[in-house]
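Numbering (UniProt numbering), first residue to last: 1 to 410.
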């Protein structure tokens, strides 16, 4: 077998070679065992949340956990329980957990990592935000790299949504195994279909830059406005039985380039050139498998296949509330029967992404679907084998969100 190092350097000569590589790396099938979570927050001065927080202050607060993007000399140590710290272009801080076979262990370790991060920030007078969009500050760059400069240049061609996303948003990502080959299509479809009702139920981003925006999730509104070729969902209820690998391959190759890496500081690509165009000779040199993997990192659909399924549509949650949507998704995907029921419940509203972002639970079909999904999650929660105290905590959280759905829908 070719080594990973050589494989990354392999030149891709045509779409067939690219498609074969995507099929190998993007859907790693097998019994679902691991769950992961990625938590992102805006960061604020504790005394004045409207005050900008600069790169140097973040570097000082994060210390040895600083990523090399803000401190090239940093050892970039993981947090004590395995979480990796990164900093986004607007100064948002993210913890990427180490995936675990137990949801209970994942929550426990992530809570400890959050506590460690919170203490480090607190020592420098900083606190984590509590919503999916910066409620106080307008978009402002904190971290500049060739990647982020190229992203801003490309996004600016379509309007201000790209800057809002880059500098002001904070999300919650849940990572689930793709599952066994026979179940992949169902899990892929369900991960998308439950998105609009869960986005509506867990929306926290109705304020930005000191005002109400008129959106339940201004964060998702920004994502949807950037570029549908890289942020629209891959699966659609209009083509529910499409093979996931074929759908993702077509999506990835048709997406315009966002960055073309170079030794210099300017990674901005020619306008409109897709990866398929690159394969056909649009750039002076052919792409490699490493270039294709980097291109995939610039695609941001609501569900992104990265060997596992990265579920990207949830807003950041306040305080300890992040564990509730994690538990809901883990419960809905804990067994094939529940996943099949969740897909049946959500498929009629699976295309209501815009309505979910705009109206949240005020949209009656989405509210009905969210309530039904919470019922399914409650019934399936025992399958997660949570300790009694944690089970009760998650059950209370799901019931609390179900009550909010019912109250808003009256």
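Glycine is no exception: its CB is placed at the ideal position from the N, C-alpha and C atoms. This structure is a prediction, so every number in the text was calculated from the model and none was measured.
- Boundaries of the alpha helix (DSSP H) around residue 198: 195-201.
- Straight through space, the alpha carbons of residue 230 and residue 206 are spaced by roughly 24 Å.
- In the assembly as shown, residue 159 is an exposed residue. Its beta-carbon has fewer than 16 other beta-carbons within 10 Å.
- Sixteen is the threshold: when 16 or more other Cβ atoms of the shown chains lie within 10 Å of the Cβ of residue 213, as they do, the residue is buried.
- According to the DSSP assignment, residue 246 belongs to no beta strand (DSSP E) but to the alpha helix (DSSP H) extending over 244-254.
- Counting every other CB atom within 10 Å of its CB across the protein chains shown gives residue 71 a total of 16 or more, marking it as buried.
- Per the C-alpha coordinates, the member of 89, 14, 182 positioned closest to residue 281 is 14.
- Closest in alpha carbon position to residue 267, among 88, 145, 105, 275, is 145.
- For residue 377 and residue 95, the gap between their C-alpha atoms comes out near 25 Å.
- Here residue 202 is near residue 325, since their CB atoms are less than 7 Å apart.
- Across the structure, residue 295 and residue 127 are spaced so that their CA atoms are roughly 33 Å apart.
- The three-state secondary structure of residue 378, taken from DSSP, is helix.
- Taking C-beta atoms as the reference points, residue 309 and residue 275 fail to come closer than 7 Å.
- Annotation: the continuous beta strand (DSSP E) that includes residue 96 extends over 93-96.
- Per the C-alpha coordinates, the member of 25, 39, 33 positioned closest to residue 314 is 39.
- By the CB criterion at 7 Å, residue 29 and residue 181 fall inside the cutoff.
- About 34 Å separates the beta carbon of residue 162 from that of residue 32, a gap too long to meet the 8 Å contact definition.
- Residue pairing by DSSP places residue 180 opposite no residue, since no beta bridge is assigned to it.
- The Cβ-Cβ distance between residue 142 and residue 91 falls below 7 Å.
- With respect to residue 37, residue 97 sits close: the two C-beta atoms are nearer than 7 Å.
- Taken through DSSP and simplified to helix, strand or coil, residue 153 comes out as helix.
- Excluding the 5 residues flanking it on each side, residue 273 has same chain C-beta neighbours closer than 8 Å at 256, 257, 282, 283, in chain order.
- Here the alpha carbons of residue 137 and residue 335 stand approximately 42 Å from one another.
- The C-beta distance from residue 197 to residue 404 rounds to 13 Å, too long to fall under 8 Å, and the pair is not in contact.
- By DSSP's assignment, residue 133 forms a beta bridge with 169.
- Between residue 169 and residue 219, the C-beta gap is smaller than 7 Å, which places the two residues in contact.
- Secondary structure at residue 162: helix, using DSSP grouped into helix, strand and coil.
- Straight across, the Cα-Cα distance linking residue 383 with residue 331 is about 7 Å.
- Linking residue 12 to residue 304 through their CA atoms gives a straight-line distance of about 22 Å.
- Approximately 19 Å separates the beta-carbon atoms of residue 216 and residue 193; this is outside 8 Å, ruling out the contact.
- Remark: three or more beta-carbon pairs, one from each stretch, lie closer than 8 Å, so the segment 362-379 and the segment 389-405 are flagged as touching.
- Rounded to whole angstroms, the gap between the alpha carbons of residue 339 and residue 329 is 10 Å.
- DSSP places residue 305 in the strand class (E or B) of the three-state scheme.
- Straight through space, the alpha carbons of residue 83 and residue 119 are spaced by roughly 15 Å.
- Residue 362 sits in a helix when the DSSP states are folded into three classes.
- One Cα belongs to residue 69, the other to residue 271, and the distance between them is close to 26 Å.
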